[in-house]
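The opening position of the sequence shown corresponds to residue 0 in numbering that gives the first Met the number 0, with each subsequent residue numbered one higher. Structure first, commentary second.
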Amino acid sequence: MSSKISSKNKKILLIVICILFIICNALFVYFLIRPSIKLLGDKEIHININAVYEEPGYTAKYLGSNVTDKIEVTNNVDSTKIGTYTIKYVLQKGNVKKEVTRTVIVEDMESPSIELTGDKEKYLCPNQTYEEEGYQAFDNIDGDITSKVERKEESGKIIYMVKDANNNYTEVTRKLNYEDKEAPIIELKGGETYTIGQNQKYNDLGYTVTDNCDGDLSSQVEVTGEVDTSKIGEYTITYTVKDAVGNEATTTRKVKVVEQQASNDYVGDGRSIVYLTFDDGPGQYTEKILSILKENDIKATFFVTNQFPRYQGMIKKEYEDGHTVAVHTYSHQWAIYDSEDAYLNDFNKMNEIVKEQTGSYAKYFRFPGGSSNTVSRKHQLGIMTSLANLMQSKGYTYYDWDVDCGDTHSNNTVDYIIKMVKTYTRKGRSNIILMHDIKKNTMEALPSIISYLKGQGFEFAAIDENTPVKHFKIAN
Ligand SMILES: [Zn+2]
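Rendered as structure tokens:
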């Protein structure tokens, strides 16, 4: 009985083995004749819009041989349009067909950009509120999305955030440092160089100080250095100031103490320069004189008066033509030397007119009669000394002259005026030439004077801060 069972089991076992053998062979044949396609790279690929889709590749086998070149690929990817695309890879061998697909997703993967106006790192005064300087946001697809920017203030920074329509997110930060890093600014009234005659009283012209955080610090300035006007030379005054957190500013003024020259003995810095200066106008010849200067491309200096009010408008023209407008006197009466008040009253009236015509006050002036005049003695003794000091302490600079063209006397001819200029103008120095734009002969002499001086190689200039100061010896 037991052997019967055993023989039956053997049969079953044999049958199972046979079935397995057949299955294995069938599978073997199936895998052998089945075409296979293998995709290289991922089955799902994400690419940015407008990027080029690059096929990662594929291989195919059939009956053990490479049939990659038999694959037909259908690719409808349009990378200019957002969307999901399917690429089909098909291998057809007789009745056997094999197809695989790959998914390509075209999407906007690019984040917008945010541009900040102003610095990304700001220094603010303590307690100062930051005033937004602006920003712009751009996206490759959506364009200008500035209006979508959200702004968040946190301690010490501002965060700007934006998302584009495809949820790409960008944030930038502006750092706020509440720290005063700027030193105050010192501005010297009267400029960084100042020239004063020997033995005149030096009064500092003062300064203004502004600080980005602390405002006006003028009262905090420490001034060091001294000027000894009894000795000719160059002196330095130093101005130092600190703001509340210790940022320090310092500046210096050079004060030159020069000899009170006698007429015509002045020697400049070696350059041959002519300063044409016209007193007593504007008047009826001023316009013509301006046009002569313009034709010759020469800048001059006008020491103006109000003797002929109907020509006041010429002051504006002098200024617009690039000449220096300086004060001579409003009235041109000797009574201005009665007192300091009388002088100042006359001077200020004229300078108001200058301001009206040119937009700013004149810094330069010329005393009627020159600083060495003695007529003023009849009005007040010592007035020229006190006026020279007073006016310089107010920041004004006066100029006398090196060459008098002699045009004040009406019987002096055009030829005489030309001759005077030729005789007394010297090379290798600064020549301030005194003329009057209310004189017909001066107007007529001017073209010859200019052409002579040009021929001699002189430079022409209008009085400015670089002009050597010419002061006569005060005689009252
Ligand atoms: Zn005059």
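Note that CB positions come from ideal geometry on N, CA and C, so glycine has one too.
Distance cut-off 7 angstroms: residue i Cβ against heavy atoms of ligand 1
i	result
His408	no
Asp279	yes
Pro367	yes
His470	no
His327	yes
His378	no
His331	yes
Spatial distance of residue i from residue j (CA atoms)
i	j	result
Ile185	Ala248	7 angstroms
Ile140	Thr323	60 angstroms
Phe301	Met349	13 angstroms
Val220	Tyr360	26 angstroms
Lys469	Val402	11 angstroms
Ala136	Asp143	6 angstroms
Tyr318	Ile291	15 angstroms
Ser5	Phe20	22 angstroms
Val256	Ser229	8 angstroms
Arg365	Asp406	17 angstroms
Asn211	Leu187	18 angstroms
Val15	Phe27	18 angstroms
Gly117	Thr172	12 angstroms
Ile335	Asp345	7 angstroms
Met313	Tyr129	49 angstroms
Lys426	Ala325	25 angstroms
Val8	Ile18	Note that residue 8 corresponds to Asn in the displayed sequence, not to Val. Spanning the two alpha carbons is a distance of roughly 15 angstroms.
Leu38	Ile48	23 angstroms
Ser447	Thr441	10 angstroms
Glu149	Asp138	15 angstroms
Cys23	Glu71	32 angstroms
Glu54	Lys69	16 angstroms
Ile157	Leu175	8 angstroms
Asp534	Ile231	This structure leaves residue 534 out entirely; the chain is present only between 0 and 475.
Cβ shell of residue i (< 6 angstroms), same chain only, five flanking positions each side left out
i	result
Leu386	Tyr342
Ile104	His45 and Thr83
Gly245	none
Val222	Tyr238
Thr73	Lys87
Gly454	none
Gln127	none
Glu43	Thr102
Glu114	Gln135
Thr304	Asp279, His327, Thr328 and His331
Gln306	His331
Gln356	Ile314 and Lys315
Leu275	Ala299 and Ile432
Gly155	Leu175
For residue j and residue i, believed in contact at Cβ under 8 angstroms, the rounded distance
i	j	result
Glu464	Thr192	7 angstroms
Thr422	Asn430	Contact flag wrong, Cβ pair sits at about 12 angstroms.
Asp107	Asn165	4 angstroms
Thr67	Pro111	So it is not a contact: roughly 42 angstroms between Cβ atoms.
Same chain only: Cβ atoms within 7 angstroms of residue i, ignoring 5 sequence neighbours per side
i	result
Tyr206	Ile185, Glu186, Leu187, Lys188, Ser217, Val220 and Tyr238
Glu443	Val413
Asp337	His378 and Gln379
Val353	Val303, Ile314, Val324, Val326, Tyr360 and Ala361
Gly381	Asn475
Close Cβ partners of residue i (< 8 angstroms) along its chain, the five nearest in sequence each way excluded
i	result
Thr235	Gly224, Thr251, Arg252, Lys253 and Val254
Met383	Tyr336, Phe366, Ser370, Ser371, Asn372, Ser375, Ile473, Ala474 and Asn475
Asn65	Thr58 and Ala59
Lys121	Tyr129, Arg173, Lys174, Leu175 and Asn176
With three or more C-beta pairs closer than 8 angstroms as the rule, is the region 436 to 449 touching the region 282 to 301?
yes
Kindly confirm or deny that the region 28 to 44 and the region 96 to 109 touch, where touching means at least three C-beta pairs closer than 8 angstroms.
Contact between the region 28 to 44 and the region 96 to 109 is present, because at least three Cβ pairs lie under 8 angstroms.
Do the region 83 to 92 and the region 45 to 64 meet, that is, are 3 or more Cβ pairs less than 8 angstroms apart?
yes
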